[in-house]
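Student: Here the protein sequences line up with chains A and B, keeping their order. For the first sequence, our numbering begins at 1 and goes up steadily by one. For the second sequence, our numbering begins at 268 and goes up steadily by one. Built from N, CA and C at the ideal position, the CB exists for glycine as well. Everything numeric in this text was worked out from a predicted model, so none of it was measured.
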Amino acid sequence: MAKFVESVGRDTLKRLDYVGGLSIGLWDAVRALRTTLPLTGNRYRWKASIVQMLQIGVDAIPMVGLMAMCCGFILAMQGGSELRRYGAMSLVIDLVAIGFTREIGPLLAAIAVSGRSGSAISAEIGTMMVSEEIDTLKVMAIDPIEFVVAPKLLAALITIPCLTVVCNVFGIFAGWIFMFFSTHLGLKLYVHEVFDSLVLRDVVSGFIKSIAFAAIIVLVGCMEGFSVRGGPEAVGRSTTAAVVKSTFLVIVADMFFTAIFYFTGKH
Amino acid sequence: MSIISVRNLVVEYGGRRVLDGLNLEVEAGETMVLLGGSGAGKSTLLRNLLGLERPQSGSVVVKGVDITTCSPAELKRVRRSIGVSFQSAALFNSLTVEDNVALPLREHTSLAPSIIELDVWMKLAAVGLADCGKLYPQELSGGMRKRASVARALALDPEILVFDEPSAGLDPIVAAELDDLILFSKRVFQMTVVVVTHELASAFRIADRIAMLYNGTFLAVGSKDEIRASQNPHLRQFLDRVPDNIATTHVVESFFDKYLRSPEVTP
């Protein structure tokens with residue numbers, strides 16, 4: 001029993017240590033963000049941020065769009081099959097619109113980026129650790145947080161909310177396809193109903209979540225990359241860990257944010 | 268006058284003492300070669316000289332600043348006067364050769380791009396890579412990569428130039444070319460050079476003084492002639508290339524003895 005409690009305590013401390021490390025990393029990265037800004041920062045960092053925006057955001061649009069269409073269609077079909085029995089097919093529109101803007105949009109965009117870019121960030125930094133590139137930056141008096149992490153964080157903070165909007169648009173559009181085939185609802189009326197069902201709070205809560213998810217994905221990816229010691233095998237392990245941990249933390253953070261918005265909202 | 272002073276430097280990894288109270292003075296303008304076999308502590312000493320690790324005790328004073336206790340800002344200032352060429356060259360694979368060389372200039376100076384371009388070309392010409400600026404590191408041979416890393420180390424015209432195993436993995440001709448490059452750089456740019464190596468030919472060609480490391484302590488520090496004349500048994504063994512009898516140690520003998528007496532061999 002004592003051993004069990006001991007191991008639970010040790011594991012808990014380890015997790016807390018990890019979250020503490022993430023918080024310190026977040027503070028350092030946020031402080032370094034000013035160096036990436038277009039007018040006040042270093043222009044080469046801004047260029048690096050744009051490259052990252054293309055990789056994290058623009059390149060992910062087709063995949064995220066397709067995933068959102070599939071999820072929107074699934075949500076509408078599942079909702080429709082139940083709501084039809086109560087003659088409440090119009091509520092499918094509310095379900096899809098609110099479901100995507102509050103929840104599925106930010107989560108889907110975050111999971112897609114975690115799989116695509118979280119792993120890539122971790123592999124890139126891990127390889128830089130193994131090949132002494134991070135040490136080189138340090139001895140050149142260049143802060144690796146400023147040089148490597150800050151452009152990625154800025155890119156993710158801008159592109160993941162944008163991807164969330166893409167997700168919402170495609171998911172809600174898929175909801176219309178379902179409604180069109182099941183009730184012959186026109187697009188104009190559908191869009192009108194969507195705007196009727198949404199309030200600003202739904203959109204803002206989704207945005208806040210997506211910003212938090214962006215920070216989690218980049219920081220976990222970077223932290224796993226910086227923790228690489230040894231050879232290529234360690235890079236592979238860090239890549240897997242980055243995806244697993246960032247996806248897990250995104251879902252945990254989502255629960256916390258949803259709880260905050262739920263308890264602070266009007267009922 | 269000493270530009271680098273190492274005083275009572277002690278480094279331990281997991282309770283194992285790797286550097287045991289080292290003392291060393293490197294004079295301004297000299298070429299100091301840190302010679303030693305594998306596992307002698309050369310790379311650890313180098314990492315401490317560059318402030319990449321903090322020792323258990325002792326100090327490393329570079330240009331009057333104790334880099335083991337100074338602030339990060341002071342460490343950055345000291346590092347700007349040190350150029351480092353790592354064993355693996357550690358060029359950034361995502362950047363062209365000229366971008367690699369331009370990186371410290373872009374980070375630490377406000378020079379116009381045209382001046383940086385000219386400076387980069389001059390540094391690349393000095394190492395014989397004037398035509399290779401547009402190539403990526405993966406398109407270069409091992410020797411060319413090392414030379415490119417020397418050009419990058421020279422970018423900020425450092426007062427101290429550090430080489431980690433410059434000849435490692437190179438054929439004798441390319442290694443000799445690199446030795447020439449070190450001598451040429453020192454003569455042209457008037458700097459202090461610290462070279463970590465286990466290559467005897469290279470060490471005796473480029474050194475003003477040699478410090479011989481063995482099991483974390485200096486066996487001898489002196490001029491080339493003093494080192495050649497030393498009668499220290501470990502130093503003589505290294506200079507005369509006498510192998511250790513690793514196959515006839517007590518552990519190996521007892522293992523074979525046990526194996527030969529086992530029932531599978533002698534039923």
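Can a CB atom of chain B be found closer than 8 Å to the CB of M140/A?
Tutor: The residue labelled residue 140/A in the question sits at position 140 within the first sequence. At least one chain B Cβ lies under 8 Å of M140/A.
Student: CB A110/A to CB S238/A, shorter than 8 Å?
Tutor: In the first sequence, counting from the first residue as 1, residue 110/A sits at position 110. In the first sequence, counting from the first residue as 1, residue 238/A sits at position 238. Cβ distance not < 8 Å, so A110/A and S238/A don't count as in contact.
Student: If contacts are defined as beta-carbon pairs under 8 Å, then G80/A and S182/A qualify, I think. What distance do you get, rounded to the angstrom?
Tutor: The residue you call residue 80/A lines up with position 80 of the first sequence. The residue you call residue 182/A lines up with position 182 of the first sequence. Yes, G80/A and S182/A are in contact; Cβ-Cβ is about 6 Å, under 8 Å.
Student: At the 8 Å Cβ level, is D135/A part of the contact set with chain B, yes or no?
Tutor: Here residue 135/A corresponds to residue number 135 of the first sequence, with the count starting at 1. Interface residue, yes.
Student: For the beta strand (DSSP E) holding T484/B, just list the boundary residues, first then last.
Tutor: Residue mapping note: residue 484/B aligns to position 217 of the second sequence, counting from 1. Where T484/B is concerned, the enclosing beta strand (DSSP E) stretches over T484 to S490.
Student: With DSSP as the reference, label V169/A as helix, strand or coil.
Tutor: Counting from 1 along the first sequence, the entry for residue 169/A is found at position 169. Helix.
Student: Please check if any C-beta of chain A sits within less than 8 Å of the C-beta of E374/B.
Tutor: Your numbering for residue 374/B matches position 107 in the second sequence. Cβ-Cβ to chain A under 8 Å: yes for E374/B.
Student: Given that E132/A touches chain B, what residues does it touch there, using C-beta distances under 8 Å?
Tutor: Indexing the first sequence from 1 puts residue 132/A at position 132. Chain B residues near E132/A: F353, Q354, S355 and A357.
Student: Given this structure, state the Cα-to-Cα distance separating V148/A from A357/B, to the nearest angstrom.
Tutor: To locate residue 148/A, count along the first sequence from 1; it is residue 148. To locate residue 357/B, count along the second sequence from 1; it is residue 90. Approximately 15 Å between the Cα atoms of the pair.
Student: By the 10 Å Cβ neighbour count, where 16 or more other Cβ atoms means buried, how is M255/A classified, buried or exposed?
Tutor: In the first sequence, the residue the question calls residue 255/A occupies position 255. Its Cβ having fewer than 16 others within 10 Å, M255/A is exposed.
Student: Determine the contact status of L502/B and M479/B, defining contact as a CB-CB distance below 8 Å.
Tutor: Against the second sequence, residue 502/B aligns to sequence position 235. Against the second sequence, residue 479/B aligns to sequence position 212. A contact, by the Cβ cut-off of 8 Å.
Student: Check each candidate in C167/A, E193/A and V218/A and name the one with the smallest Cα separation from S117/A.
Tutor: If you number the first sequence from 1, residue 117/A lands on position 117. Nearest of C167/A, E193/A and V218/A to S117/A, Cα basis: V218/A.
Student: With DSSP as the reference, label M268/B as helix, strand or coil.
Tutor: Indexing the second sequence from 1 puts residue 268/B at position 1. In this structure, M268/B counts as coil in the three-state DSSP scheme.
Student: Near R346/B, which residues of its chain fall below 8 Å by C-beta distance, leaving aside the five closest residues on each side in sequence?
Tutor: For this step, residue 346/B is matched to residue 79 along the second sequence. Within the same chain, R346/B has close Cβ partners L317 and G318.
Student: Rounded to whole angstroms, what's the CA-CA distance from M53/A to A120/A? Just pull it up for me.
Tutor: Counting from 1 along the first sequence, the entry for residue 53/A is found at position 53. Counting from 1 along the first sequence, the entry for residue 120/A is found at position 120. Cα-Cα distance, rounded: 13 Å.
Student: Look up T298/B in the DSSP assignment and give the residues it is bridged to.
Tutor: Looking up residue 298/B in the second sequence gives position 31. V460/B.
Student: Skipping 5 residues on each side, what residues in its chain have a beta carbon closer than 7 Å to that of F471/B?
Tutor: As a position in the second sequence, residue 471/B is number 204, starting the count at 1. Closer than 7 Å at Cβ, skipping near neighbours: K491.
Student: Just how far apart, CA to CA, sit A253/A and T363/B?
Tutor: Within the first sequence, residue 253/A is the residue found at index 253, counting from 1. Within the second sequence, residue 363/B is the residue found at index 96, counting from 1. Distance between the alpha carbons of A253/A and T363/B: 40 Å.
Student: Ignoring anything shorter than 4 residues, give me the alpha helix (DSSP H) runs that lie fully in the segment 86 to 163 of chain A, in order along the chain.
Tutor: Qualifying alpha helix (DSSP H) stretches, in chain order: 91 to 98, 105 to 113, 119 to 130 and 133 to 139.
Student: Which residues in chain A have a C-beta closer than 8 Å to the C-beta of R346/B? List them in chain order.
Tutor: Within the second sequence, residue 346/B is the residue found at index 79, counting from 1. What R346/B touches in chain A: K138, V139, M140 and A141.
Student: List the endpoints of the continuous beta strand (DSSP E) containing A478/B.
Tutor: Indexing the second sequence from 1 puts residue 478/B at position 211. Note, A478/B: beta strand (DSSP E), R476 to Y481.
Student: Return no unless some Cβ of chain B is closer than 8 Å to the Cβ of Y44/A.
Tutor: Counting from one through the first sequence, the residue named residue 44/A turns up at place 44. So yes, Y44/A belongs to the interface.
Student: Below 8 Å, can you find three or more Cβ-Cβ pairs linking the segment 170 to 184 of chain A to the segment 57 to 75 of chain A?
Tutor: Segments in contact, yes.
Student: Which of the three DSSP states, helix, strand or coil, is assigned to F359/B?
Tutor: To locate residue 359/B, count along the second sequence from 1; it is residue 92. In this structure, F359/B counts as coil in the three-state DSSP scheme.
Student: Using alpha carbons as the reference points, say which of I216/A, H192/A, R43/A and A32/A lies closest to G20/A.
Tutor: As a working mapping, residue 20/A is identified with position 20 in the first sequence. When only C-alpha atoms are compared, the closest one is I216/A.
Student: Using a Cβ-Cβ cut-off of 8 Å, state whether K343/B counts as contacting chain A.
Tutor: In the second sequence, the residue the question calls residue 343/B occupies position 76. Chain A contact via Cβ: present.
Student: Can you pull the chain A residues whose beta carbon is under 8 Å from the beta carbon of I349/B, in chain order?
Tutor: The residue given as residue 349/B occupies position 82 in the second sequence. Result: V139.
Student: On a CA-only basis, which of S324/B, A468/B, F523/B and A474/B is nearest F505/B? Give me that one, please.
Tutor: For the purposes of this step, residue 505/B is taken as residue 238 along the second sequence, with counting starting at 1. Comparing Cα positions, the closest option is A468/B.
Student: What number of angstroms, rounded off, separates the C-alpha of L91/A from the C-alpha of F180/A?
Tutor: Taking the first residue of the first sequence as position 1, residue 91/A is located at position 91. Taking the first residue of the first sequence as position 1, residue 180/A is located at position 180. In a straight line, the C-alpha of L91/A is about 14 Å away from that of F180/A.
Student: Using 10 angstroms around the beta-carbon of D386/B, count the other beta-carbons present and answer buried if the total reaches 16, otherwise exposed.
Tutor: Numbered from 1 along the second sequence, position 119 holds the residue referred to as residue 386/B. The residue is buried, with at least 16 neighbouring Cβ atoms inside 10 Å.
Student: Whole angstroms is fine: what's the gap from E103/A's alpha carbon to E374/B's?
Tutor: Your numbering for residue 103/A matches position 103 in the first sequence. Your numbering for residue 374/B matches position 107 in the second sequence. For E103/A and E374/B, the distance between alpha carbons rounds to 41 Å.
Student: At 7 Å on the CB atoms, spell out the chain A contacts of I322/B, in chain order.
Tutor: Your numbering for residue 322/B matches position 55 in the second sequence. Reading off the sequence shown, one finds Pro at residue 322/B, where the question assumed Ile. Chain A residues near P322/B: none, gap ~17 Å exceeds 7 Å.
Student: Taking Cβ to Cβ, would you say D475/B is nearer than 8 Å to E292/B?
Tutor: Taking the second sequence and counting its residues from 1, one reaches residue 475/B at position 208. Taking the second sequence and counting its residues from 1, one reaches residue 292/B at position 25. No. Outside cutoff.
Student: Hey, does S319/B have any beta-carbon neighbour from chain A nearer than 8 Å?
Tutor: By one-based count along the second sequence, residue 319/B stands at place 52. The identity of residue 319/B in the sequence shown is Leu, whereas the question assumes Ser. Yes, because at least one Cβ of chain A sits closer than 8 Å to the Cβ of L319/B.
Student: Residues of the segment 417 to 430 of chain B in Cβ contact with chain A at a cutoff of 7 Å, in chain order, please.
Tutor: Cβ contacts with chain A: none found.
Student: Residue range of the alpha helix (DSSP H) that F261/A falls in?
Tutor: The sequence position of residue 261/A within the first sequence is 261, counting from 1. That run of the alpha helix (DSSP H) goes P232 to T264.
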